[in-house]
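Those sequence lines, one after another, are chains A and B. Here our numbering is used: the first residue of the first sequence is -19, the next is one more, and so on. Here our numbering is used: the first residue of the second sequence is 71, the next is one more, and so on. Written below as structure tokens is the structure these notes are about.
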Amino acid sequence: MAEVRVEAQRGYAGELLRNRKFLIGTIIFLALLAVAVAGSLFVDPVQRRTGSFPARLPPGPGGLLGTDSLGRSVAIQMSEAVPNSLQVGLIAAFLGTLIGALIGFISGYFGGAVDAVLRILIDVFLSVPSLVFLILIASLVKGVGVQTMALIIGAFAWPSPARQVRAQVLSLKERAFVQIARLSGMSGLEIIFRELMPHMLQWLGANFVNAFIAAVLAESGLSLLGLGPQREMTLGMMIYWALGYSAILQNLWWWWLTPILALMCLFLSLYLIHLGFDEASNPRLHSQV
Amino acid sequence: MIAYLRYLSERFVIFVATIFISITIVFFVPRLVPGHPLLAVFNRMAAAGGSLNAPQLIEEYNRLFGLDKSLWEQYVRFLRELARGNLGYSIGSFPSRVSDILTSAIPWTIGLLMLTTLISWVLGSLIGAVAGWRGGKSRFVQALVWAALVLYTIPYYILAIILVFLFAFQWRIFPLSGAYSVGLSPELSLDFALDVLRHAALPALSMIVVSLGWWFLSMRSLITSLKGEDYILQAEAKGLSNRRILWGYAFRNALLPQATGLAISLGRIVGGALITEVIFAYPGLGWVIYNSITSIDFPVIQGGVLLIVFSVALANFVIDMVYPLIDPRIRYQQAGRG
């Protein structure tokens, strides 16, 4: 049984590595990550202060990627913003997928009254745009940092994984191997973690990427509304400051364009990775697009 | 009929639960912050340099919402005031009522989004139908699909920023921000209407282009999947013209699911473009919320949040109610699911 599972996983990994969309997406993502890590390794923190460089310098050899109107280098801001934005995505996606998977498992596996209540809860939070609650909470929490923001976003990222995990569990739990496990005296939680979880892992991967996209989107959205981490840099905060200091009107295009391009690359890479996951776990999708 | 009623009652429970849970969150979250529920807000305002007569305001709030009573009594009062449509007073522009501030913003948001959603739906569906009918072999269609995928991936406000740069700054075709020129006051005249249209053009364009990709992709895949259906084959066998089969048979059948998508988007328009409005300083709900965030006007934020939740929940419920009557297939699926 265990060997069959390993075999299936290996086939899945191979399928993923042969998928062109997954590969392109991963390469873009890793490139972004590498630039960010290299940046944060070589940047002297003192240079992050305002006025470290002459203001409004266009991109060129001196002020790599240009400087903003407060005398901060755009490149150095990026070296702080990209890792921070990725951090928000990572923490929030992990938290959201975890809570969602847990609720989905419990709801689908135990059924009955528990399921009825949880299903209503899932439907409720799916129907309300989560940005609304995020606005409410972020406007009350004083001086959010990157991590706090990630936690708040993650706390509202569970409904969609929860619904999908529930549906999967419903279809899995009538299969023979779960019945056998139940007959051999495994407890509910044991069945969830030892029998159902392995079947869900590849599928949770796609969900995780989805949650990642949503979290980065929520971060930049909240930041643009003025609810971002004011003392730290994220891609959303870079755009916020650029718009706040009317970078467009001052024709400081490098200031607002750089974070926007980074965000677009990030979303494109994550979306391609997501498509790759989908196609690898459901080969029938191959023919489309 | 009984199946429909059961399904309906299930949907109604979700409608009520959505509103109830949201109100509860809105009520309890500020009270998790230690101290007076509004004191934190006042302190932040004071720190930001805002001057106001806080004691008078706090008193007014205490009286209205019974903030000196027990939590349970406060909650009941909160529900009662909400049921009367009382969202309290704005702190930033006391004594304006929150409900008045929101009511004056809503028409801008709904006007802009209703129009753009409809335009983009019609355009996207038409182009998507033709592309789906042509099939995936044509290079042009493939390029369209990739363009639509890219549009679908990027966040809607990014396109808005790029459009501002190109059309308002670089080429100066459209005004940079606002809903009408400074100095004009809203009136029923041709000049004012043209001015409003000119100001709405850029935000509208950004909304249309971004959602166009989605409508295109969805209609295209619907038409593609319908192409193998028996009635299409029969129509072909009868020798009907290609155009007639596409628009008279395939498109008409794809219209129903596509219309559901439209209904769902229309249900979300109230909270749909908060950030676009911020970028264009368009005086709708998003702009009001943004301004209350910068001036730490919590009651207005809270009122805006409740308004969005309520309209989304109501729209969802109406769609759920009407849809099975139009398409009976849905009804049985949904009822069987429960």
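Even glycine gets a Cβ: it sits at the ideal position worked out from N, Cα and C. Owing to the predicted nature of the structure, the values given are computational and were not obtained by experimental measurement.
Rounded separation between F247 of chain A and A61 of chain A - CA only: The alpha-carbon of F247 of chain A is positioned some 15 Å away from that of A61 of chain A.
Thinking just about the alpha-carbon of each residue, which of B:L258, B:V382, B:S362, B:S381 is nearest to the one in I161 of chain B? Looking only at B:L258, B:V382, B:S362, B:S381, the smallest Cα-Cα distance to I161 of chain B is reached by B:S362.
G354 of chain B and A175 of chain B closer than 9 Å at C-beta: Between G354 of chain B and A175 of chain B, the C-beta spacing is below 9 Å.
Taking CB distances under 9 Å as the criterion, tell me whether Q268 of chain A reaches chain B. For Q268 of chain A, the predicted model reports a pLDDT of 43, less than 50, meaning its position is unreliable; a value from the coordinates is still stated below. For Q268 of chain A, at least one C-beta of chain B is nearer than 9 Å to its own C-beta.
Is it true that the segment 169 to 182 of chain A meets the segment 90 to 97 of chain A, where meeting means three or more beta-carbon pairs spaced less than 8 Å apart? Taking 8 Å as the limit for Cβ pairs, the verdict is that the segment 90 to 97 of chain A does not touch the segment 169 to 182 of chain A.
Where the alpha helix (DSSP H) containing I224 of chain B begins and where it ends: If you look at I224 of chain B, you'll find it isn't in any alpha helix (DSSP H); DSSP assigns it neither H nor E.
Counted within 10 angstroms of its Cβ, other Cβ atoms place E80 of chain B as buried (16 or more) or exposed: Buried is the call here.
Which residues in the same chain have their Cβ closer than 7 Å to the Cβ of F380 of chain B, if we skip the five residues on either side of it in sequence? Correct list, in chain order: I89.
L303 of chain B versus Y319 of chain B: straight-line alpha-carbon distance, rounded: Each residue's Cα considered, the two are about 11 Å apart.
By the 10 Å Cβ neighbour count, where 16 or more other Cβ atoms means buried, how is W216 of chain B classified, buried or exposed? With fewer than 16 Cβ atoms within 10 Å of its Cβ, W216 of chain B is classed as exposed.
Which residues, in order along the segment 202 to 227 of chain A, keep a beta-carbon less than 8 Å from a beta-carbon of chain B? The segment 202 to 227 of chain A vs chain B, Cβ under 8 Å: L204, L205, G206, L207, I219, L223.
Partner residues on chain B for Y89 of chain A, Cβ-Cβ distance less than 8 Å: Neighbours of Y89 of chain A in chain B, taken as residues at a C-beta separation under 8 Å, are lacking, since the least C-beta distance is about 17 Å.
Between N190 of chain A and chain B, is there a C-beta pair that is closer than 9 Å? For N190 of chain A, the closest Cβ of chain B is not nearer than 9 Å.
Whole-angstrom Cβ separation of I171 of chain A and L250 of chain A, contact assumed at under 8 Å? The Cβ separation is near 33 Å, so there is no contact.
Under the assumption that I132 of chain A contacts I117 of chain A (Cβ atoms under 8 Å), give the Cβ distance between them as a whole number of angstroms. Cβ atoms of I132 of chain A and I117 of chain A come within 8 Å of each other, at about 6 Å.
Span of the alpha helix (DSSP H) holding K1 of chain A? Under the DSSP assignment, K1 of chain A falls in the alpha helix (DSSP H) whose first and last residues are 0 to 22.
What separation, rounded to the nearest whole angstrom, lies between the Cα atoms of I71 of chain A and Q127 of chain A? Cα to Cα, I71 of chain A sits roughly 8 Å from Q127 of chain A.
Would you verify that the beta carbon of F247 of chain A is, or is not, closer than 9 Å to some beta carbon of chain B? F247 of chain A counts as touching chain B.
Since I believe A385 of chain B is in contact with G337 of chain B (beta carbons under 8 Å), could you give me their beta-carbon distance rounded to a whole number of angstroms? The Cβ separation is near 3 Å, so the contact holds.
Would you kindly check if the distance between the Cβ of A199 of chain B and the Cβ of I293 of chain B is under 9 Å? Yes, they are a contact pair.
For the alpha helix (DSSP H) holding E143 of chain B, just list the boundary residues, first then last. First-last of the alpha helix (DSSP H) with E143 of chain B: 141 to 153.
I'd like to confirm the pairing. Which residues does DSSP put opposite T47 of chain A in its beta bridges? Paired residues: A:S53.
Inter-residue Cα distance where the pair is I189 of chain B and E129 of chain B: Answer to the nearest angstrom: the Cα atoms are 49 Å apart.
Which of the three DSSP states is assigned to Y352 of chain B in this structure? Three-state DSSP puts Y352 of chain B in coil, outside helix and strand.
Output the distance between the C-alpha atoms of G123 of chain A and P209 of chain A, rounded to the nearest integer angstrom. Rounded to whole angstroms, the separation of the alpha carbons of P209 of chain A and G123 of chain A is 7 Å.
With a Cβ-Cβ cutoff of 9 Å, do L204 of chain A and I219 of chain A count as a contact? If you check the CB distance, L204 of chain A and I219 of chain A come in under 9 Å.
Under a three-way DSSP split, which group does R167 of chain B fall into? If DSSP states are grouped into helix, strand and coil, R167 of chain B belongs with the strands.
What residue range does the alpha helix (DSSP H) around I172 of chain A cover? I172 of chain A -> no alpha helix (DSSP H), and no H or E assigned at all.
Could one say the Cβ of L219 of chain B lies closer than 9 Å to chain A's Cβ atoms, at least one of them? Contact with chain A is found for L219 of chain B, since one of that chain's Cβ atoms lies less than 9 Å from the residue's Cβ.
Compare the C-beta of L477 of chain B with all C-beta atoms of chain A and state if any pair is closer than 9 Å. Only positions 71 to 408 of chain B appear in this structure, which leaves residue 477 of chain B out of reach.
Please tell me whether G341 of chain B has its Cβ less than 9 Å away from any Cβ of chain A. For G341 of chain B, the answer is yes, since a Cβ of chain A falls inside 9 Å of its Cβ.
Quick check on the DSSP output: the alpha helix (DSSP H) that includes Y251 of chain A runs from which residue to which? Residues 233 to 261.
Segments assigned alpha helix (DSSP H), at least 4 residues, entirely inside the segment 92 to 148 of chain A: As far as the segment 92 to 148 of chain A is concerned, its whole alpha helix (DSSP H) runs of at least 4 residues are 92 to 107, 110 to 118, 126 to 135.
Proximal chain B residues relative to S151 of chain A, where beta-carbon distance stays under 9 Å: Correct list: empty, because the minimum Cβ distance to chain B is about 13 Å.
Would you please verify whether the beta carbon of R401 of chain B is less than 9 Å from any beta carbon of chain A? Caution is warranted here: a pLDDT of 49 is assigned to R401 of chain B, below 50, making its placement in the model unreliable, and no coordinate value can be reported.
Does the beta-carbon of F98 of chain B have 16 or more other beta-carbons within 10 angstroms, so that it is buried, or is it exposed? Residue burial annotation: F98 of chain B is exposed, with fewer than 16 other C-beta atoms found within 10 angstroms of its C-beta.
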